[in-house]
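Read the structure below first, then the notes.
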Amino acid sequence: MINFRVAVFVLSLSLCSGLVKAEDWPQWMGPNRDNVWSEDGVLESFPDSGLKVLWRTEIAGGYAGPAVSNGRVFVTDYTTADDVKVSNFEREQFSGQEQILCLDEKTGKKLWSHDYPVKYTVSYPSGPRCTPTVDGDRVYVLGTEGNLFCFNVADGEILWSKDFKTEYGAKTALWGYASHPLVDGNKLICVVGGEGSHAVAFDKLTGKELWRTLSSKEQGYSPPMIIEHGGMRQLILFRPGAVSAVNPETGKVYWSVPYEATNGSVIMTPIHKGNLLYCAGYSNKNMLIKMADDGKSAEIVWEGLSKQAISPVNVQPFRVDDIVYGFDQSGLLH
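In my numbering, the protein residues as written are 1 to 334.
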């Protein structure tokens, strides 16, 4: 039985010494989706006694991180009463409930919650993968099986929702939907999957589809990212089969280069610097892409070099100047 109510969400004393209100972390990888925390006074070492626990709140299973915004913490979980035994690379069907909880940042008190029934068909079925995305008075939540919700931050009212499998004919990837939605202006951009709908942009206020682009037999797990190159903004989509750049306003494709993924495991967000993009996945499937100066084409500089491979699976690589750091699938730092 999977029912991880004994799991505990813990908020410890701020990592910033003397800090009253820390910078919000409203989405996956922070305010700018770059894994950079811009606060001053960050502790370089923990006290011998450890950090002081401010509160604890029990939640169930899942892999999604918390989102923190304007005094509220948003977390997701999953429970099931079924007897579940699923090996890696295998699928089983069982029923349960996904949930989003909104907690008071200072006390851990539950302000509101919403749960909904969902049938899981994935490997590693502990719970949701995607960190909630908070944008002003709305929070967007994408579940493991492609259930997308837009909630009112204040009271949890559902403002609109989508079911990717029902509405787009998409098939859930082996390890579930794990590509964190991206807010861009008036749009919410999601990796959906399916024929002609690998990525879909929705009006973030109404849920109306604005555009769809590209095709993918399996959508992969890499979150979308937007860069500026060649005097224009480009939405980078890393998926099994290719890396592509499209116009984030229209979905028009600028360029694509092939990428052969192992087990559909396209997970990391590409690393960008100047006219270069670094992409990698399972089994040393790594590649450096050079974009043309005008941003309308791209070519592979090198690929499959084992010494340059990170093979990131569970941890997003991080760039410092000209060096990319990351952990491979066995936990080694490169």
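Glycine included, C-beta positions come from ideal geometry on N, C-alpha and C. Predicted, not measured: the structure shown is a model, and the values here were computed from it.
- Bridge pairing for methionine 232: His229 [DSSP].
- Positions of the beta strand (DSSP E) runs, each at least 3 residues long and wholly inside the region 96-182, are given as 110-120, 133-135, 138-142, 147-152 and 158-163 in order along the chain.
- If you look at isoleucine 310, you'll find it isn't in any beta strand (DSSP E); DSSP assigns it neither H nor E.
- For serine 297, no beta strand (DSSP E) encloses it, and the DSSP letter there is neither H nor E.
- Looking at the backbone, the Cα of lysine 273 and that of histidine 180 are separated by about 22 Å.
- Under the three-state reduction of DSSP, lysine 273 is assigned to strand.
- With a cut-off of 8 Å on Cβ pairs, the region 199-216 is in contact with the region 238-250, counting three or more such pairs.
- Contact between the region 79-89 and the region 112-125 is established, with three or more Cβ pairs separated by less than 8 Å.
- Shown here, isoleucine 59 sits in coil according to DSSP, grouped into three states, outside any helix or strand.
- The alpha-carbon separation between tyrosine 177 and serine 297 amounts to approximately 29 Å.
- In this structure, the CA atom of valine 139 is about 27 Å from the CA atom of lysine 252.
- Phenylalanine 318 sits in a strand when the DSSP states are folded into three classes.
- The shortest C-alpha to C-alpha distance from glycine 231 to any of Asp82, Asn247, Glu218 and Met225 is the one to Asn247.
- Secondary structure at tryptophan 25: strand, using DSSP grouped into helix, strand and coil.
- Membership of threonine 213 in the beta strand (DSSP E) is indicated by the continuous run 209-213.
- About 17 Å separates the Cβ atoms of threonine 262 and tyrosine 278, ruling out a contact at the 8 Å cut-off.
- In the DSSP assignment, leucine 333 falls outside any beta strand (DSSP E) and carries neither an H nor an E.
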